[in-house]
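Participant: One structure follows; several queries about it will come next.
2 protein chains.
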Amino acid sequence: MIQARLMGRVTIEDVAERAGVSVATVDRVLNSRATVRPRNAARVEAAIRALNYQPDRLAARLARQRSYRFCFVLPRGGNIFMRDLATEIESHARHLAGERVSADILYTDIFDPEALSASLLSVSGKYDGVALVALDHPRVREAIQHIASHGAEVVTLVSDAPGAARSHFVGIENAAAGRTAATLLGRYLGGRRGKIGIIAGSLALRDHAERHFGFAQVIAAEYRDLSLLPVQEGRDNPERSMELAAGMIAREGDLVGIYNIGAGTEGIIEALQSSGRSRDIVFVAHELNEITRHALLDGAVDVVIAQDPGHEARSAMRVLMARCDKAAIIAAQERISVDIFVKDNLP
Amino acid sequence: MIQARLMGRVTIEDVAERAGVSVATVDRVLNSRATVRPRNAARVEAAIRALNYQPDRLAARLARQRSYRFCFVLPRGGNIFMRDLATEIESHARHLAGERVSADILYTDIFDPEALSASLLSVSGKYDGVALVALDHPRVREAIQHIASHGAEVVTLVSDAPGAARSHFVGIENAAAGRTAATLLGRYLGGRRGKIGIIAGSLALRDHAERHFGFAQVIAAEYRDLSLLPVQEGRDNPERSMELAAGMIAREGDLVGIYNIGAGTEGIIEALQSSGRSRDIVFVAHELNEITRHALLDGAVDVVIAQDPGHEARSAMRVLMARCDKAAIIAAQERISVDIFVKDNLP
DNA sequence: CTGAAAGCGCTTACAG
DNA sequence: CTGAAAGCGCTTACAG
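So the sequences go chain by chain: C and Y. All letters in the first sequence, in the order written, are residues 0 to 346 by numbering that gives the first Met the number 0. All letters in the second sequence, in the order written, are residues 0 to 346 by numbering that gives the first Met the number 0.
So, in structure tokens, the structure goes:
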């Protein structure tokens, strides 16, 4: 130990010498690349242990000349969050250019199973790793299977397809996000009695459905004084969401809260503000961006539940790189958290 | 561009060839290592641009043979959070052993300026980087200055010393954490009127003082129905905190909330539960650990404000490595967020 | 099943 | 001010 520190780093050469074999043989047992005579394998392993040898990851990557060609499949014409995600992907890809990483972005209609699976098939075989905002559909699972069986690593991003051959999901637990929204809305209402309006993009989206499920579960179990209006689908569209919100505000005199599961938050803010009942109705929305940040400071939105697109972009690339290298990931580092923002803890 | 992709990676050799110089000269302009004839420098820069050359970071680190010897200075006999932090540092140091990183931990009495500065001076000159849980005191600033002027990079961790020669602070904005606690406590009380008890470890600790400041500021400005009891100092000790909490619960009939700025949360939970007023008093505490996690699920604690010790350990090492290499950091990745946890978004 | 040797893309003395 | 050459610690054909 003291030897090792004084003598500098322990190299594969030191291990080879001590085991009485060549570095190639050490490499073979280290990376289980080829069969090594058991006796030699044992001697190598003993030497590794005796010297507390740690292979130099940098040297290995350099020698291997491995490059990482990644493709990110994102929704075409996405909402603010998806645009932020694309920006983060581009920015981090630039950052990783010095580590042989390149990332293309392919925009497609992720809500159309045929279009999405066609896009996936079109990139199959061309990349080392693919990250996609998934739709949970047999056709899509099939396309993911195709990519994976052609040697690429696949991760889902933001929206998962649980049954599919993806090796990892980079995103939040959406049911937990919905429960979190419910608890904060419920506690902010502090025993007030009334109705809660819910607007989703579309309940056909797995993440929206899961948030709704979690939200409804907590309200039903813990806030008996609150009742849920039927979910309205705003298609993540501000105008449509505004009309839906304006409608419920006008119809329901005892509307005390609104939960926006998807995008289009600016429309709902507009409806709240022009109704004059903004102060009175607790409003919980998703994702932190220019609009929701401003609205939190304004008081138009009370709580934002969020996932960090920068973290997701970096995590997707780290996970894909690790999978390509068959290396382990740091689970805690790659966990995407359900973030809560109020006006006081904004970044 | 297409050339570059077809031909594989652009190397320093390609740049040298195109510029009509040797690789050593390219290296000189790349790293501004020595004076290069302006004409040659210009040709090199032109070649870099023309070929869109990106130096290979891995090869550079390998050739440089740089190692990173870090020292983490932590409080001896610290609370749960500090123990978690130490665990995370050890675990991440093990992870980075394959990248020539080693990290020692030195435990000392960080609350005693003399002891802390003596510890700092004892490691000065022996490491490439030092991360310390700081105390904001002239003696400590002086010791930090000493380490920095002997060539080591210094970052503060969790607790900052703003005037000092540290190049970065790895931790949260504590005033924001206090404001966040106040907003959630205020909103959870939903207009109820009464007194708020505050327990701190010690207001001599900068982070505790800042949290208190932020908390008081928001309550004063936004929650006129709530009034603050004088801060009690529990020294982060569960027994003492229990007595303080029990005292205020007994004395103040209209106690509606408690904010624990520091550690010792288990003591306050005990006081609340044995008083039978746990359900009635909103309790906000700091840091997520076995105790507070359990208490959130129990309902004994309503909200936890936290910083992630795993993120802090990883960030401190990344920042120290970057500073040693004179490389840029990714600001968003190194920002430590003020996390909010309720029972529903626990990791 | 094993080893000698070349090579990955940089950096670093050293000589000029 | 500049370049030829060795070296960082691995991996990879290739020959045996």
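From the three backbone atoms N, C-alpha and C, an ideal C-beta is built for every residue, glycine too. Values in this document were obtained by computation on a predicted structure and should not be read as measured data.
From which residue to which residue does the beta strand (DSSP E) around residue 285 of chain C run?
Facilitator: In the first sequence, residue 285 of chain C corresponds to position 286, counting from 1. 281 to 285 is the extent of the beta strand (DSSP E) around residue 285 of chain C.
Participant: Within a Cβ cutoff of 8 Å, which residues of the same chain sit near residue 119 of chain C, ignoring the five residues on either side of it in sequence?
Facilitator: Translated into positions along the first sequence, residue 119 of chain C becomes position 120. For residue 119 of chain C, where only same-chain residues beyond five positions count, the Cβ hits under 8 Å are 72, 129, 131, 139, 142, 143, 145 and 146.
Participant: Is the segment 241 to 248 of chain Y touching the segment 163 to 177 of chain Y, taking contact as three or more C-beta pairs under 8 Å?
Facilitator: no
Participant: In angstroms with no decimal places, state the Cα-to-Cα distance between residue 102 of chain Y and residue 191 of chain C.
Facilitator: Taking the second sequence and counting its residues from 1, the one referred to as residue 102 of chain Y is at position 103. Taking the first sequence and counting its residues from 1, the one referred to as residue 191 of chain C is at position 192. Near 53 Å, if we compare the C-alpha coordinates of residue 191 of chain C and residue 102 of chain Y.
Participant: My output table needs one value for residue 167 of chain C: the three-state DSSP class, helix, strand or coil.
Facilitator: Taking the first residue of the first sequence as position 1, residue 167 of chain C is located at position 168. The answer is strand: DSSP assigns residue 167 of chain C an E or B state.
Participant: Would you decide whether residue 306 of chain C is buried or exposed? Buried here means 16 or more other CB atoms lie within 10 Å of its CB.
Facilitator: Position 307 of the first sequence holds residue 306 of chain C. Label assigned to residue 306 of chain C: buried.
Participant: Who pairs with residue 187 of chain Y in a beta bridge, going by DSSP?
Facilitator: Indexing the second sequence from 1 puts residue 187 of chain Y at position 188. None; residue 187 of chain Y has no bridge partner.
Participant: Leaving out the 5 sequence neighbours to the left and right, which residues in its chain are closer than 6 Å to residue 52 of chain Y when beta-carbon positions are compared?
Facilitator: Here residue 52 of chain Y corresponds to residue number 53 of the second sequence, with the count starting at 1. Within the same chain, 9 and 14 come within 6 Å of residue 52 of chain Y by CB-CB distance, once the 5 residues on both sides are set aside.
Participant: Taking the beta carbon of residue 342 of chain Y as the centre, do at least 16 other beta carbons fall within 10 Å, making it buried, or is it exposed?
Facilitator: Within the second sequence, numbered from 1, the residue matching residue 342 of chain Y stands at position 343. That one is buried.
Participant: Can you find a C-beta in chain Y that's less than 8 Å from the C-beta of residue 347 of chain C?
Facilitator: This structure does not reach residue 347 of chain C, given that chain C is present from 0 up to 346, and the question cannot be answered.
Participant: Within 10 angstroms of its Cβ, does residue 293 of chain Y collect 16 or more other Cβ (buried), or is it exposed?
Facilitator: Working through the second sequence from its first residue, we reach residue 293 of chain Y at position 294. A residue is called buried once 16 or more other Cβ atoms fall within 10 Å of its Cβ, and residue 293 of chain Y, having fewer, is exposed.
Participant: Report the rounded CA-to-CA distance for residue 31 of chain Y versus residue 159 of chain C, giving the unit in angstroms.
Facilitator: Your numbering for residue 31 of chain Y matches position 32 in the second sequence. Your numbering for residue 159 of chain C matches position 160 in the first sequence. About 47 Å.
Participant: Which residues in the same chain as residue 181 of chain Y place their Cβ atom closer than 6 Å to its Cβ, once the five residues preceding and following it in sequence are excluded?
Facilitator: As a working mapping, residue 181 of chain Y is identified with position 182 in the second sequence. So the list reads 214, 217 and 218, once near-sequence residues are dropped.
Participant: Would you give the residue range spanned by the beta strand (DSSP E) that residue 195 of chain Y belongs to?
Facilitator: Taking the second sequence and counting its residues from 1, one reaches residue 195 of chain Y at position 196. Taken as a continuous stretch (DSSP letters only), the beta strand (DSSP E) holding residue 195 of chain Y covers 193 to 199.
Participant: How do the segment 221 to 235 of chain C and the segment 272 to 284 of chain C stand: do at least 3 beta-carbon pairs fall below 8 Å, yes or no?
Facilitator: No, the segment 221 to 235 of chain C does not touch the segment 272 to 284 of chain C.
Participant: Please list the terminal residues of the continuous beta strand (DSSP E) segment that includes residue 74 of chain Y.
Facilitator: Taking the first residue of the second sequence as position 1, residue 74 of chain Y is located at position 75. That run of the beta strand (DSSP E) goes 67 to 74.
Participant: Does the CB of residue 98 of chain C have a neighbour CB from chain Y at under 8 Å?
Facilitator: Locating residue 98 of chain C in the first sequence gives position 99, counting from the first residue. Yes, because at least one Cβ of chain Y sits closer than 8 Å to the Cβ of residue 98 of chain C.
Participant: Per DSSP, which one or two residues make a beta bridge with residue 216 of chain Y?
Facilitator: Here residue 216 of chain Y refers to the residue found at position 217 of the second sequence. Residue 216 of chain Y is not bridged to any residue.
Participant: Roughly how many whole angstroms lie between the Cα atoms of residue 34 of chain Y and residue 22 of chain Y?
Facilitator: Translated into the one-based positions of the second sequence, residue 34 of chain Y becomes position 35. Translated into the one-based positions of the second sequence, residue 22 of chain Y becomes position 23. Each residue's Cα considered, the two are about 15 Å apart.
Participant: Take residue 3 of chain Y and list the residues in its own chain whose beta-carbon comes closer than 8 Å to its own, dropping the five residues that flank it on each side.
Facilitator: Position 4 of the second sequence, counted from the start, is the residue given in the question as residue 3 of chain Y. Any reading at residue 3 of chain Y must be qualified, since the residue scores a pLDDT of 38, below 50, and its modelled position is unreliable; the value itself is stated next. Around residue 3 of chain Y: 9, 50 and 51.
Participant: With H, G and I counted as helix, E and B as strand and the rest as coil, what does DSSP make of residue 39 of chain C?
Facilitator: Counting from 1 along the first sequence, the entry for residue 39 of chain C is found at position 40. Note: residue 39 of chain C maps to helix in three-state DSSP.
Participant: Pick helix, strand or coil for residue 144 of chain C, following the three-state DSSP scheme.
Facilitator: By 1-based counting over the first sequence, the position of residue 144 of chain C is 145. Note: residue 144 of chain C maps to helix in three-state DSSP.
Participant: Using the C-alpha atoms, what's the distance from residue 302 of chain C back to residue 66 of chain Y?
Facilitator: Within the second sequence, the letter at position 67 stands for residue 66 of chain Y. Within the first sequence, the letter at position 303 stands for residue 302 of chain C. Approximately 45 Å, taken between the alpha carbons.
Participant: Going by beta-carbon coordinates alone, are residue 167 of chain Y and residue 312 of chain Y separated by less than 8 Å?
Facilitator: Looking up residue 167 of chain Y in the second sequence gives position 168. Looking up residue 312 of chain Y in the second sequence gives position 313. Result no, Cβ atoms of residue 167 of chain Y and residue 312 of chain Y do not sit closer than 8 Å.
Participant: If you run the structure through DSSP and keep just helix, strand and coil, what is residue 274 of chain C?
Facilitator: Here residue 274 of chain C refers to the residue found at position 275 when the first sequence is read from its first residue. Three-state DSSP puts residue 274 of chain C in a helix.
Participant: Examine chain Y for any beta-carbon lying closer than 8 Å to the beta-carbon of residue 277 of chain C, and answer yes or no.
Facilitator: Translated into positions along the first sequence, residue 277 of chain C becomes position 278. So no, residue 277 of chain C is outside the interface.
Participant: Alpha carbon to alpha carbon, how far is residue 18 of chain Y from residue 56 of chain Y?
Facilitator: Within the second sequence, the letter at position 19 stands for residue 18 of chain Y. Within the second sequence, the letter at position 57 stands for residue 56 of chain Y. Near 21 Å, if we compare the C-alpha coordinates of residue 56 of chain Y and residue 18 of chain Y.
Participant: So residue 377 of chain Y contacts chain C; which residues on that side make the cut at Cβ distance below 7 Å?
Facilitator: Any property of residue 377 of chain Y remains undetermined from this structure, which presents chain Y solely from 0 to 346.
Participant: I want to see whether chain Y comes within less than 8 Å of residue 15 of chain C, judged by CB atoms only; does it?
Facilitator: Position 16 of the first sequence, counted from the start, is the residue given in the question as residue 15 of chain C. So no, residue 15 of chain C is outside the interface.
Participant: Confirm the yes/no value for this check: CB of residue 342 of chain C, any heavy atom of the ligand ATP, distance under 7 Å.
Facilitator: The ligand ATP is absent from the structure shown, which contains no ligand whatsoever.
Participant: Between C/314, C/207 and C/256, which has its C-alpha nearest residue 193 of chain C's C-alpha?
Facilitator: Here residue 193 of chain C refers to the residue found at position 194 when the first sequence is read from its first residue. Measuring from the Cα of residue 193 of chain C, the nearest candidate turns out to be C/256.
Participant: Have a look at C/95, C/296 and C/54 and flag the residue whose alpha-carbon is nearest the alpha-carbon of residue 95 of chain Y.
Facilitator: Translated into positions along the second sequence, residue 95 of chain Y becomes position 96. Selected option, being the one with the closest Cα: C/54.
Participant: Count the other C-beta atoms from every protein chain shown that fall within 10 angstroms of the C-beta of residue 186 of chain C, then say buried if there are 16 or more, exposed otherwise.
Facilitator: Indexing the first sequence from 1 puts residue 186 of chain C at position 187. Residue 186 of chain C is buried by the Cβ-count criterion.
Participant: In the structure shown, what three-state DSSP assignment does residue 10 of chain Y receive?
Facilitator: Position 11 of the second sequence, counted from the start, is the residue given in the question as residue 10 of chain Y. Residue 10 of chain Y: coil per DSSP, three-state reduction.
Participant: Spatial neighbours of residue 63 of chain C within its chain, please: CB distance less than 6 Å, with the 5 preceding and 5 following residues excluded, ordered by chain position.
Facilitator: Along the first sequence, one-based indexing puts residue 63 of chain C at 64. Result list for residue 63 of chain C: empty, nothing under 6 Å.
Participant: So the candidates are Y/336, Y/238, Y/16 and Y/161; which of them puts its Cα closest to the Cα of residue 310 of chain C?
Facilitator: By 1-based counting over the first sequence, the position of residue 310 of chain C is 311. Residue 310 of chain C has its Cα closest to that of Y/336, out of Y/336, Y/238, Y/16 and Y/161.
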